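Novice:
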Amino acid sequence: MYDPLKSRGIPAFHEFGTASYWAAVTPFPDTNAIALPSSAEVVVIGAGYTGLNAAIEVAQAQQREVVLIDAGGVGAGASSRNAGFLLPGTGRLGYRDYAKKFGEQIAQGVQNEFAASIEHVKNAAADSSWPCELIPARYLRLGHSEKAASVLREQQPAYGNTLLTAEWLSPEQQQAELPGLPWKYGGLSLTPAAAVNPRALTAAYLSLAQQAGVKIVTGHPVTAWRSNHGKHQLTAGGREIQCHQVLLCSNGYLPQQPFPDISKRQFPVLSSIVVSRPLNAAEQQYCGLTVNDLVMDTRTLKYYYRLLPDGRILFGGRGAVAGKNADNKVHRHRLEQALAATFPQLKDLYVDYFWSGWISVALDAMPRIFSPALGVFTSAGYCGAGVAFASLAGKRLAQLSFGERMPALPFYQSPLPRYPLAPARRVGLRALYTWHRWRG
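Residue 446 is where the sequence shown starts when you use my numbering, and the numbers rise one by one after that.
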């Protein structure tokens, strides 16, 4: 599997061979890709949620010529491999974290921006003719211990001054609504949220980009980048294109070259997913899960799960440390064991699908939309929960490139911080995984 910290460049069509559930069940429109033109006003690199939304905003709202380039196909990375959790948040920071660091007013603004990201996706889905299986849902943050649940309960009143609704789910309510879970400490129910087919959402964005006149080029890894007096010349797929602005939207799939500085500002980490066999009606009733529930626990190394429309359980968590080990059966087995421990009364809950993808982790667990150089704009660091925010971030990135004023929120006020001792990022990750394995 392509590894952003081991491969100096990203291979063309690196996604081939990834047998995800979404790829198996989701039709996809023709990309109508073209040959790389020699020039454009704006080049967007990365045809995932951020890149597609950025290109749509540039072409449609700003009426500028835009070329969208991807090393693979449209949605080749995390945008077609994620769990389909449309959440009012991103990263590991909650309301209390933002309030403690930036104050109550900023924390409220952050939560409102997250709410706006949900609306952004809903509006785009409504505008597109491509169905993306968008289902209203509640985001359940369930405490994995009594102490963790008590922290969640303390946070609940703080959401009262935001566009989000937070309701406390007591242990008794959890028992009644989710009887299949062996632990019952309670948690928070946050709305708005939604479940979505992530590959179908990518297709919906693609249809909007095509309607806006975006020129799409696939299978063209960017291998060289030269800048001179505000103009940029990119080499991609052996051809060259000149432009005035570059919007870099590769997130966790960003290769080291030709982006060495930005590469050191984010940490690509593997997340893995299994999808079970379909549950029968009695098993679904036992679990209590519905298609309107998006569940995530409070462990440092979190598990997340949902019931899919066809009755399967999608269950995800950490993956391998290095890309070469992504498909190792030990990581599939670990998730299978965690799934069985989460729903212990379900027998023979074998899995039909297993796959992995790269997420981008920011040093301070907060994403950024910023300009690292003249005429260059980038967005990254969604920390594995960016389906909604990554989509809105694409629009914000295009607005930033056009000189529009950004909301006065910390995402938009500073660049991603560099990782100290960046070559040793995985040493720390291995130590963290080993410590948790030792703890049992």
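By construction, the Cβ of each residue, glycine as well, lies at the ideal position given by its N, Cα and C atoms. What you are looking at is a predicted structure, and each value in this text was computed from that prediction instead of being measured.
Under 7 angstroms between the Cβ atoms of residue 493 and residue 529?
Specialist: It is not a contact, given that the beta carbons lie outside the stated cut-off.
Novice: Verify whether the separation of the beta carbon atoms of residue 604 and residue 593 is less than 7 angstroms.
Specialist: Against a cut-off of 7 angstroms, the Cβ pair of residue 593 and residue 604 comes out as no contact.
Novice: Compute the beta-carbon to beta-carbon distance between residue 625 and residue 733, rounded to the nearest angstrom, for a pair I have assumed lies under 8 angstroms.
Specialist: With a Cβ gap of about 6 angstroms, residue 625 and residue 733 count as contacting.
Novice: Skipping 5 residues on each side, what residues in its chain have a beta carbon closer than 7 angstroms to that of residue 538?
Specialist: Once the five neighbours on either side are set aside, the close Cβ partners of residue 538 are 810 and 811.
Novice: Leaving out five residues before and five after residue 644 in sequence, what residues of the same chain have Cβ atoms less than 6 angstroms from its Cβ?
Specialist: 467, 471 and 525.
Novice: At 4 residues or longer, what runs of the alpha helix (DSSP H) sit wholly inside the segment 529-616?
Specialist: Those alpha helix (DSSP H) runs which fall completely within the segment 529-616 and span 4+ residues are 540-547, 549-572 and 591-600.
Novice: Alpha carbons only, please: which of 831, 707, 805 and 785 is nearest the one belonging to residue 815?
Specialist: Minimum Cα distance to residue 815 is reached at 707.
Novice: Using 8 angstroms as the threshold, is the segment 838-851 in touch with the segment 498-512, meaning 3 or more CB pairs across them?
Specialist: Yes, they touch.
Novice: Answer yes or no: do residue 659 and residue 500 have a C-beta to C-beta separation smaller than 7 angstroms?
Specialist: Closer than 7 angstroms, so yes.
Novice: Does residue 647 pass the burial test, meaning 16 or more other C-beta atoms within 10 Å, or should it be called exposed?
Specialist: The residue is buried, with at least 16 neighbouring Cβ atoms inside 10 Å.
Novice: On the three-state DSSP scale, how would you describe residue 908?
Specialist: One cannot answer for residue 908 here, as it falls past the ends of the chain, which runs 446 to 885.
Novice: With H, G and I counted as helix, E and B as strand and the rest as coil, what does DSSP make of residue 758?
Specialist: The answer is strand: DSSP assigns residue 758 an E or B state.
Novice: Counting only runs that start and end within the segment 618-678, where is the beta strand (DSSP E) found for 3 or more residues in a row?
Specialist: Listed in chain order, they are 632-640, 660-662 and 667-673.
Novice: For residue 825, write down the residues that DSSP places opposite it in a beta bridge.
Specialist: Paired residue(s): 813.
Novice: Would you say the segment 475-484 touches the segment 667-677, given that touching needs at least three Cβ pairs under 8 angstroms?
Specialist: Cβ pair count under 8 angstroms is below three, so no.
Novice: Throw me the rounded Cβ distance for the residue 518 and residue 607 pair, which I believe falls under 8 angstroms.
Specialist: Actually they are not in contact, since the Cβ atoms of residue 518 and residue 607 sit about 38 angstroms apart, beyond 8 angstroms.
Novice: Could you say if the segment 679-699 and the segment 611-623 meet the contact criterion of at least three C-beta pairs nearer than 8 angstroms?
Specialist: No, because fewer than three Cβ pairs between the segment 679-699 and the segment 611-623 fall closer than 8 angstroms, the two stretches do not touch.
Novice: Whole angstroms are fine: how far does the CA of residue 573 sit from the CA of residue 790?
Specialist: Straight-line Cα distance between these residues: approximately 41 angstroms.
Novice: Run through the DSSP bridge pairs and tell me what residue 741 is partnered with.
Specialist: Partner(s): 586 and 749.
Novice: Taking residue 719 as part of the beta strand (DSSP E), name the residues at either end of that continuous run.
Specialist: That run of the beta strand (DSSP E) goes 712-721.
Novice: Between residue 484 and residue 690, what straight-line distance do the alpha-carbon atoms span, to the nearest angstrom?
Specialist: So the two alpha carbons sit approximately 11 angstroms from each other.
Novice: Starting from residue 502, follow the alpha helix (DSSP H) in both directions and report where the run begins and ends.
Specialist: Residue 502 -> no alpha helix (DSSP H), and no H or E assigned at all.
Novice: Could you tell me whether the Cβ atoms of residue 640 and residue 580 are closer together than 7 angstroms?
Specialist: In this structure, residue 580 lies closer than 7 angstroms to residue 640 by Cβ.
Novice: Leaving out the 5 sequence neighbours to the left and right, which residues in its chain are closer than 6 angstroms to residue 721 when beta-carbon positions are compared?
Specialist: If we look at residue 721 and ignore the five residues flanking it on each side, its Cβ neighbours are 757, 758, 794 and 796.
Novice: Round the Cβ separation of residue 709 and residue 867 to the nearest angstrom and send it over; I've been treating them as touching at under 8 angstroms.
Specialist: At roughly 4 angstroms, the Cβ-Cβ gap stays under 8 angstroms, so residue 709 and residue 867 are in contact.
Novice: Between residue 634 and the rest of its own chain, which residues show a CB-CB distance below 6 angstroms, the 5 nearest in sequence each way excluded?
Specialist: Result list for residue 634: 583, 585, 612 and 614, in chain order.
Novice: Quickly, what does DSSP pair residue 684 with across the bridge? List them, please.
Specialist: Per DSSP, 681.
Novice: Which residues in the same chain as residue 520 place their Cβ atom closer than 7 angstroms to its Cβ, once the five residues preceding and following it in sequence are excluded?
Specialist: Here the set comprises 492, 493, 644 and 647.
Novice: Around the C-beta of residue 833, are 16 or more other C-beta atoms found within 10 angstroms, so that it is buried, or is it exposed?
Specialist: Buried: at least 16 other Cβ atoms inside 10 Å.
Novice: What's the C-alpha gap between residue 533 and residue 447?
Specialist: Going by the C-alpha atoms only, they are around 30 angstroms apart.
Novice: Pick helix, strand or coil for residue 690, following the three-state DSSP scheme.
Specialist: Looking at residue 690 - three-state DSSP - the assignment turns out to be strand.
Novice: If I'm right that residue 762 touches residue 747 with Cβ under 8 angstroms, what's the distance once you round it to whole angstroms?
Specialist: With 8 angstroms as the limit, residue 762 and residue 747 qualify as a contact, their Cβ atoms being about 7 angstroms apart.
Novice: According to DSSP, which residues form a beta bridge with residue 800?
Specialist: Paired residue(s): 718.
Novice: Residue 864 and residue 870: beta carbons closer than 7 angstroms?
Specialist: Contact flag set, yes.
Novice: Indicate the three-state DSSP secondary structure (helix, strand or coil) for residue 455 in the structure shown.
Specialist: Correct three-state label for residue 455: coil.
Novice: Considering only residues of the same chain and omitting the five flanking positions on each side of residue 657, which have a CB-CB separation below 8 angstroms?
Specialist: Counting only Cβ-Cβ distances below 8 angstroms, and skipping sequence neighbours, we find 500, 501, 504 and 505.
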